[in-house]
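Quick notes on the structure that follows.
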Amino acid sequence: MKIGTLDLGEKPILLAPMEDVTDAGFRLLCRKMGAAMVYSEFVASDALVRAVPSTLRKLQVSADERPVAIQIYGRYADAMEEAARIVESIAQPDILDLNFGCPVKRVAGKGAGAGLLQNLPLMYDIAQRVVKAVRIPVTVKTRLGWDEHSKNIVEIAERLQDCGISALTIHGRTRAQMYKGEADWSLIREVKQNPRMRIPIIGNGDICTGPDARNAFENFGVDAVMVGRATFGQPWIFREMAESVGRTDAFEPQFIQSQYEPFSSDWKLDVLKEQVRQSVERIDEYRGILHVRRHLAASPIMKGIPNFRDMRIAILRATTTAELFRLLEEVRPLIREYAN
Ligand SMILES: Cc1cc2nc3c(=O)[nH]c(=O)nc-3n(C[C@H](O)[C@H](O)[C@H](O)COP(=O)(O)O)c2cc1C
Numbered sequence: 089m090k091i092g093t094l095d096l097g098e099k100p101i102l103l104a105p106m107e108d109v110t111d112a113g114f115r116l117l118c119r120k121m122g123a124a125m126v127y128s129e130f131v132a133s134d135a136l137v138r139a140v141p142s143t144l145r146k147l148q149v150s151a152d153e154r155p156v157a158i159q160i161y162g163r164y165a166d167a168m169e170e171a172a173r174i175v176e177s178i179a180q181p182d183i184l185d186l187n188f189g190c191p192v193k194r195v196a197g198k199g200a201g202a203g204l205l206q207n208l209p210l211m212y213d214i215a216q217r218v219v220k221a222v223r224i225p226v227t228v229k230t231r232l233g234w235d236e237h238s239k240n241i242v243e244i245a246e247r248l249q250d251c252g253i254s255a256l257t258i259h260g261r262t263r264a265q266m267y268k269g270e271a272d273w274s275l276i277r278e279v280k281q282n283p284r285m286r287i288p289i290i291g292n293g294d295i296c297t298g299p300d301a302r303n304a305f306e307n308f309g310v311d312a313v314m315v316g317r318a319t320f321g322q323p324w325i326f327r328e329m330a331e332s333v334g335r336t337d338a339f340e341p342q343f344i345q346s347q348y349e350p351f352s353s354d355w356k357l358d359v360l361k362e363q364v365r366q367s368v369e370r371i372d373e374y375r376g377i378l379h380v381r382r383h384l385a386a387s388p389i390m391k392g393i394p395n396f397r398d399m400r401i402a403i404l405r406a407t408t409t410a411e412l413f414r415l416l417e418e419v420r421p422l423i424r425e426y427a428n
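Plus 88 on top of the position in the sequence shown (first one is 1) and you've got this note's numbering.
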């Protein structure tokens, strides 16, 4: 699959943009685990224009994580255009992605993100102006439509293509669904099968396993698959998915300091420890640990261990790396025995 001149190979698996999750550290880890491209969390266009320091920090990318996409959001075409130029000049990402899909009230309720599904002329105006403002390929991520009664993604896709975007990611839910129910991939297939569509279509929503990824390519015909929540606590899922779809991505297990066989439960524990280490190094000890806690809580290697409740709570309450690592080493033999 090619986005502009960027060649991601056949059946690429991409890391979805996720607020507070897909920072530079996690993105790099996912690339080393086999993600073909990674996305930043969404970045507020108006804050970029105002040069808010904490927002500008979100534009930091490392050479090792490329190809990388930076995603921006907003409801003002002027600010989106200006923000796009700022992103291009500071971060020089491989792709600039526009968020037309965020459902949360503080964003969509104000007319940004999925809110633009209720103001299509403005959505197209933003897309067109941003495409003209930068040289890098501009892509869009959106949903099926606003609600059950307006699943108009087939038409929206055509119009966005006419605006000059280079690829479209579709999350198979409406705004009204938020994250509830199951993602509906049938409309994603319809967009892909529309003979007028030429740009790559990236499918997103509820891809959790290797077979899910294979099914998305085989039965829904998408050009790429994007994975979000299934990466929590198991960034190695990219390797499993890539293998399932027959990709031979450069997987770099040596990125992880571990004496164990890649994919063994011991190695997986070392991946999570590395994640903690890098987060602490990048932020600070207290907030760095807080930042990766959701990964520890969600990791399948922490599941299925009998009478684990108290230990689990202790792990999630640890505030220093030394304490956290001591606890993780204490559970290592249990993980070895019970992890799936
Ligand atoms: C914690 C969290 C943060 C998210 N932040 C963003 C975001 O910044 N931009 C975006 O386009 N989507 C965001 N999403 C949506 C995901 O990119 C993805 O579309 C959604 O989770 C469905 O994919 P999944 O079933 O693979 O998780 C977020 C999702 C989660 C769970």
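By construction, the Cβ of each residue, glycine as well, lies at the ideal position given by its N, Cα and C atoms. Remember, it's a predicted structure, so these values are computed and weren't measured experimentally.
Same chain, Cβ closer than 6 Å to residue i, five either side skipped, listed in chain order
i: E278; result: V242
i: E340; result: K120
i: A271; result: G260, R261, G293, D294
i: D446; result: Outside the shown range of the chain, which is 89 to 428, sits residue 446, and nothing can be said about it.
i: D398; result: none
i: D354; result: Y348
Start and end residues, beta strand (DSSP E) containing residue i
i: D166; result: It is not in any beta strand (DSSP E) - D166 instead sits in the alpha helix (DSSP H) that spans 165-178.
i: I101; result: 101-103
i: N187; result: 183-188
i: A312; result: 312-315
i: K229; result: 226-231
Under the three-state DSSP convention, the category residue i falls into
i: S367; result: helix
i: E129; result: strand
i: Y348; result: coil
i: Q159; result: strand
i: R375; result: helix
i: T110; result: coil
i: T143; result: helix
i: L94; result: strand
i: I295; result: coil
i: I244; result: helix
Whole-angstrom C-beta distance between residue j and residue i, which should lie under 8 Å
i: L415; j: I403; result: 5 Å
i: M168; j: S133; result: 5 Å
i: Y287; j: A255; result: The displayed chain sequence assigns Ile, not Tyr, to residue 287. Their Cβ separation, rounded to whole angstroms, is 5 Å, which keeps I287 and A255 in contact under 8 Å.
i: L429; j: V175; result: Not covered by the structure: residue 429. The range shown for the chain is 89 to 428.
i: R247; j: A202; result: With a Cβ gap of about 16 Å, R247 and A202 do not count as contacting.
i: D182; j: P105; result: Wrong, their Cβ atoms sit about 14 Å apart, outside the cutoff.
i: G233; j: L205; result: 6 Å
i: V226; j: I253; result: 5 Å
i: C118; j: L94; result: Their Cβ separation, rounded to whole angstroms, is 17 Å, which puts C118 and L94 out of contact at 8 Å.
i: V310; j: G291; result: 4 Å
i: D213; j: A165; result: 5 Å
i: L210; j: K239; result: Between K239 and L210 the Cβ distance is about 19 Å, and since that is not below 8 Å, they are no contact.
i: K220; j: F188; result: Contact flag wrong, Cβ pair sits at about 17 Å.
First through last residue of the alpha helix (DSSP H) which encompasses residue i
i: K193; result: 193-196
i: T409; result: 409-426
i: G298; result: 298-308
i: F343; result: Segment: none, F343 is in no alpha helix (DSSP H) and carries neither H nor E.
i: V218; result: 208-221
i: F326; result: 325-332
Close beta carbons around residue i, own chain, < 7 Å, minus the five adjacent residues each side
i: A406; result: I377, L412, L415
i: H379; result: S367, I371
i: A301; result: I101, I295, V313, M329, S332, V333
i: A171; result: S133, L136, V137, I160, G162
i: V364; result: I377, V380, T409, L412
i: W324; result: M121, F351, K356, V359
i: L384; result: G321, L360, M390, I403, L404
i: R154; result: D182
Close-in-space but distant-in-sequence residues of the same chain around residue i (CB under 8 Å, 5 per side omitted)
i: R335; result: G97, E98, K99, P100, I101, G122, A124
i: C190; result: F130, Y161, A196, A200, G201, A202
i: N282; result: V242, A245, E246
i: I178; result: L144, L147
Whole beta strand (DSSP E) elements within the segment 250-288, 3-residue minimum = Along the segment 250-288, the beta strand (DSSP E) occurs as fully enclosed runs of 3 or more residues at 255-259, listed in sequence order.
Which whole runs of the alpha helix (DSSP H) in the segment 380-412 are 4 residues long or more, in chain order?
-> Counting whole runs of 4 or more residues, the segment 380-412 contains the alpha helix (DSSP H) stretches 397-405.
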